[in-house]
Every structure is written in C-alpha cells, then in structure tokens.
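Each step along the sequence shown adds one to the number in numbering that gives the first Met the number 0, with nothing skipped, and position 246 is 245.
Written out below as structure tokens is the structure these notes cover.
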Amino acid sequence: MQRTYLKLLNIQEASPSKATLAHLIKRHQAVFPFENLSKIKTVLDGEPRLPTIEEWLAHAATKPIGGTCYILNMHIYDLLKTLGYHARLLRVGESHTGIDVDGLDDQSSIHYVDVGAAAAFFDPIPLTNKTRDVQFADLRFHIAPQAGNHYLFTRFRKDVETGPKWLFDKTDHANPTDYANVIADSFKTDAPFMKVLRYQIWQPEQDRLVSLHNASVSTRSRDGRFETQSATSFHELERLTQQAFGFSLPYLEEGVQWMEQQQNNDFFKTTS
C-alpha cells in the first residue's frame, strides 16, 4: 500500500519531519481531489461504502478520483502511520474527521492535518494558544483556541462567514470504526454530499484552486484572480471542466444524471 500511495503522490519515503509532512500534504492536495462524483457512482452501482485503501489506490491509478473527508483523511492517516508519524484521527464537528500529528521538530506542539475539508490547508497547522488564519485569495480558514483543549474551525469568503462551524477537542481521538454510523448516513439521498456535485483540486503550477460546484466551474488564484462560468447543458459542462481542470472529470455524466433523478428536474435549469 505505502509504495503504491507514494508512487501516485510522486514522492520518496523520508523520515518524519514537519518539512516532509508539509511536502506530502501539498502533493496530496494536488493529486487527490476533494470530490463526490466517485461517491455518487458507488451508490448508483449499489455499493454505498467506503473503498478499502487498496481499492481506492487501484481506482486512483486509473482515474483522477479522490473523495470527501472520510476517504481522504482516513487514507492519508493510514499512510502517515506507515511512514512513522504519530498520527491520530480527531473528531471535528458532528461529522467531520481530521488528523493530529505530534512528535515533529517542535516536540511540544500538536499539528492539525486536514486534506478532506476542501480547504487550502497545504501545511500542518500548530494547535497552540494562538489563533491561526490560513488565507488563499478571498478565502480564509480560521482555527481559534477555545476553553480547555477546544478549537473552533470557521470558513470565510470575502470576510463573510460561510458553511458550518466545527468545534473540536484536540484530545478527542477516534478510530476508523467509530465513524461507521456517520459514514453510512453520508450515503443517504438527503446527505450533504448526495445533493450537490463537487470536484476541487489545487494546481500548484498556477497556484490556484479549480472547482466544480454543480453546473459552475471556477478558478481561484492565490493572487486574487477569480473566474467562474456556468454551463447550461452537459456538453458545455464537459467543455468547461476539461478547459479548467485539463482533463475529463470521472463520472461527471453519472453525477448529472443522479442530480436530475433526485431533483426530478433539468439539472442545468435548477442550478444555473
């Protein structure tokens, strides 16, 4: 598993350190997208479950798939352990999972790792008594210490709060099996990522985030440039995604069909 994973990331095994962990995180964000198209495909195939890490890596070797938080964070967690990192899963909010890593260069700090939040987290984030702001163009990801061992994770776009707030305790560790119920719930038709189409990846060469959100395709560069276009047909959506991402998105047609089935309506009329 480790050899295949590192080959897909195009990195060499190295001794655990903050620098090598940061490099691994950056490669992960550039190789494995935050996406739910493959999740929808598993439901359409009648197999609503998380793939094993071996199944997932084999799939990723043939198609540019990634996953949502459970797949991305649980699998990088497994990789970190095989590489010698002291990594543990963290319960974040009511249904998210993150990772804490300790024992890095500065032995006193626990670092937060999260490649499954559709966030611009390209480095391990120290969990100390200081507030941390991660900025990418007009996006800001805010992790603020609270009472006790708690932290509050909040997202902002143009300084306006977006999405849910996540409260977590840096000592509240979990095992993969602890998520069995929330993972099962995540495949239900009314679950958040069964009611939207998402595919986001970081392109380091241009230092930009490229994102599909339903019928809209956007690019957001670190220097603040932002472009978005909305498709009015599947043919146009294929063209826009190919142009922005540089490749055809896997299971895009199945995703659109799923959305039309759930909405009982024309996907492009209801999302444009």
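The beta carbon of each residue, even a glycine, is placed where N, CA and C say it ideally should be.
Would you report the Cα separation of residue i and residue j, rounded to the nearest angstrom?
i    : j    : result
T240 : I70  : 23 Å
N128 : P144 : 6 Å
H172 : R87  : 6 Å
E93  : G162 : 14 Å
Q11  : L5   : 7 Å
T153 : F140 : 6 Å
P203 : K25  : 8 Å
T130 : F155 : 15 Å
D184 : Q261 : 17 Å
I52  : L208 : 25 Å
P47  : G245 : 29 Å
A243 : D104 : 38 Å
I39  : A179 : 18 Å
A13  : W201 : 23 Å
A117 : T231 : 25 Å
V91  : Q256 : 32 Å
I64  : H58  : 7 Å
G45  : A60  : 22 Å
V159 : F120 : 19 Å
Quick one, which of the options has its alpha-carbon nearest residue i's?
i    : options                   : result
T176 : T41, L89, L196 and Q134   : L89
L8   : H74, I98 and T161         : H74
P123 : R131, H110, V133 and A243 : H110
S220 : S232, Q205 and F233       : Q205
T96  : V112, D105 and T51        : V112
R238 : L211, Q261, I200 and K164 : L211
L151 : A60, I52, F167 and I200   : F167
V42  : S229, T67, A243 and K187  : K187
G254 : F233, Y84 and G245        : F233
T3   : T81, A18, S14 and L20     : T81
W165 : T231, H149 and N180       : H149
S229 : F266, R207 and I39        : F266
L49  : G66, A59, A60 and K62     : G66
G147 : K169, E160, V159 and D158 : K169
I182 : C68, L79, L251 and H85    : C68
A18  : G102, L251 and W201       : G102
Y250 : N263, N264 and L196       : L196
H85  : P63, I64 and S108         : S108
D77  : P63, I98, D44 and H58     : I98
Can you tell me the Cβ-Cβ gap for residue i and residue j, rounded? I've got them flagged as a contact below 8 Å.
i    : j    : result
L248 : Y198 : 6 Å
G83  : P125 : About 20 Å; that fails the 8 Å criterion.
V114 : N72  : 6 Å
L79  : M0   : Their Cβ separation, rounded to whole angstroms, is 12 Å, which puts L79 and M0 out of contact at 8 Å.
L20  : V100 : 7 Å
- Message: Is it the case that the region 29-36 contacts the region 185-201, given that we only count it when at least three CB pairs across the two stretches are under 8 Å?
- Response: The region 185-201 and the region 29-36 touch, with no fewer than 3 CB-CB distances between them shorter than 8 Å.
- Query: Touch check for the region 209-227 and the region 15-31: three-plus C-beta pairs under 8 Å?
  - Reply: The count of Cβ pairs closer than 8 Å, one atom from the region 209-227 and one from the region 15-31, stays below three, leaving the stretches out of contact.
- Counting Cβ pairs closer than 8 Å, one from the region 129-144 and one from the region 221-235, do we hit at least three? A contact is defined here as three or more CB-CB pairs under 8 Å, and the region 129-144 meets this definition with respect to the region 221-235.
- List in chain order: all unbroken beta strand (DSSP E) runs of 3+ residues lying wholly within the region 197-225. Those beta strand (DSSP E) runs which fall completely within the region 197-225 and span 3+ residues are 197-202, 207-212 and 215-220.
- Item | Start-end ranges of the alpha helix (DSSP H) lying completely within the region 221-259, minimum 4 residues | As summarised for the region 221-259, the continuous alpha helix (DSSP H) elements at least 4 residues long and confined to that stretch are 233-244, given in chain order.
- beta strand (DSSP E) runs wholly inside the region 54-125, at least 3 long, in chain order: Listed in chain order, they are 85-91, 95-101 and 109-112.
- Query: Which runs of the alpha helix (DSSP H) spanning at least 4 residues fall entirely within the region 129-209, listed in chain order?
  - Reply: Within the region 129-209, the complete alpha helix (DSSP H) runs of at least 4 residues are 179-184.
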